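So the structure is just underneath, and the comments pick up after that.
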Amino acid sequence: GQQLNQSPQSMFIQEGEDVSMNCTSSSIFNTWLWYKQDPGEGPVLLIALYKAGELTSNGRLTAQFGITRKDSFLNISASIPSDVGIYFCAGRCSAGKSTFGDGTTLTVKP
Amino acid sequence: GAVVSQHPSRVICKSGTSVKIECRSLDFQATTMFWYRQFPKQSLMLMATSNEGSKATYEQGVEKDKFLINHASLTLSTLTVTSAHPEDSSFYICSARRSGLNYGYTFGSGTRLTVV
Numbered sequence: 001g002q003q004l005n006q007s008p009q010s011m012f013i014q015e016g017e018d019v020s021m022n023c024t025s026s027s028i029f030n031t032w033l034w035y036k037q038d039p040g041e042g043p044v045l046l047i048a049l050y051k052a053g054e055l056t057s058n059g060r061l062t063a064q065f066g067i068t069r070k071d072s073f074l075n076i077s078a079s080i081p082s083d084v085g086i087y088f089c090a091g092r093c094s095a096g097k098s099t100f101g102d103g104t105t106l107t108v109k110p
Numbered sequence: 111g112a113v114v115s116q117h118p119s120r121v122i123c124k125s126g127t128s129v130k131i132e133c134r135s136l137d138f139q140a141t142t143m144f145w146y147r148q149f150p151k152q153s154l155m156l157m158a159t160s161n162e163g164s165k166a167t168y169e170q171g172v173e174k175d176k177f178l179i180n181h182a183s184l185t186l187s188t189l190t191v192t193s194a195h196p197e198d199s200s201f202y203i204c205s206a207r208r209s210g211l212n213y214g215y216t217f218g219s220g221t222r223l224t225v226v
């Protein structure tokens, strides 16, 4: 089946620093998605990318859909304590099924 | 808009009993819903795709007789964990796909199942 490699697995940063995480896949996806999940909650969509090469921002978050359609990155600028959580990438195929990465746990020290 | 309600949020049941989890789209119609399972500190794993009015499609390795899915209306899908065992303890999350041209997907808030 399809697999996504998400890195890094965890990050410990100081408040105000920028963060970058990425996902790569051996398969092509039609859509790349980035989610944040807080403990005991469902994932919340941060950014959706629909076209190869697309670069999209949502506030301090910026994500790009790789040209090869096999990778994506998420950047968070000027991190704040409430950015703490687990970030998941997901690739979606035409049938609507999403394959999730293993997540990046972000810790922000004030 | 696009709210998905999942109920219950937490449930503790005895081994051997069955548990039903509901996933409702509150303000849109969902022709397709997805059920995921998530173990602690792990990623979401797709269990099955639920289509309104037809049988669910299960992913490889997921027992259809163990995890019964019913999508009887455009706003409700249910997952029943039958004869639950401690190893079924997990976080179950649904996702609903909005029908129409501008479809999108919204996750429920999840159900923490503990089988004792």
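Protein chains in written order, with my numbering: chain A, 1 to 110; chain B, 111 to 226. All C-beta atoms, glycine included, are put in the ideal place defined by N, C-alpha and C. Note that this is a predicted model, so its numbers are computed, not measured.
- At least 8 Å separates the CB of B:Gly163 from every CB of chain A.
- Here the stretch 158 to 177 of chain B makes no contact with the stretch 123 to 130 of chain B; the two share fewer than three CB pairs at distances below 8 Å.
- Per DSSP, A:Asp71 is one residue of the beta strand (DSSP E) stretching across Asp71 to Ile76.
- For A:Cys23, the enclosing beta strand (DSSP E) has its first and last residue at Val19 to Ser25.
- Boundaries of the beta strand (DSSP E) harbouring B:Glu132: Val129 to Ser135, taken from the DSSP string.
- A:Gln37 places its beta carbon less than 8 Å from that of A:Gly85.
- At a beta-carbon threshold of 7 Å, the residues of chain A lying near B:Gly218 are Gly42, ordered along the chain.
- Sequence-distant Cβ neighbours of A:Leu46 in its own chain, meaning closer than 7 Å and more than five residues away, are Trp34, Tyr35, Lys36, Asn58 and Leu61.
- Taking the C-beta atoms as reference points, A:Leu4 is found nearer than 8 Å to A:Cys89.
- Per DSSP, the continuous beta strand (DSSP E) segment holding B:Val191 begins and ends at Leu186 to Val191.
- Using a Cβ-Cβ cut-off of 8 Å, B:Thr142 counts as an interface residue toward chain A, since at least one Cβ of chain A sits closer than that to its own.
- For the set A:Ile28, A:Phe29, A:Pro8 and A:Gly16, the Cα lying nearest the Cα of A:Asn22 is the one of A:Pro8.
- Interface residue (Cβ-Cβ distance to chain B less than 8 Å): A:Asp71 is not classified as such.
- Counting only runs of at least 4 residues, the stretch 3 to 59 of chain A fully encloses no alpha helix (DSSP H) element at all.
- Residue nearest to A:Leu49 within the set A:Pro39, A:Lys109 and A:Leu74 is A:Leu74 (criterion: CA-CA distance).
- Per DSSP, A:Cys93 has no beta-bridge partner at all.
- Distance from the CA atom of B:Trp145 to the CA atom of B:Leu223, rounded to whole angstroms, is 14 Å.
- Looking at the DSSP output, B:Val114 shares a beta bridge with B:Ser135.
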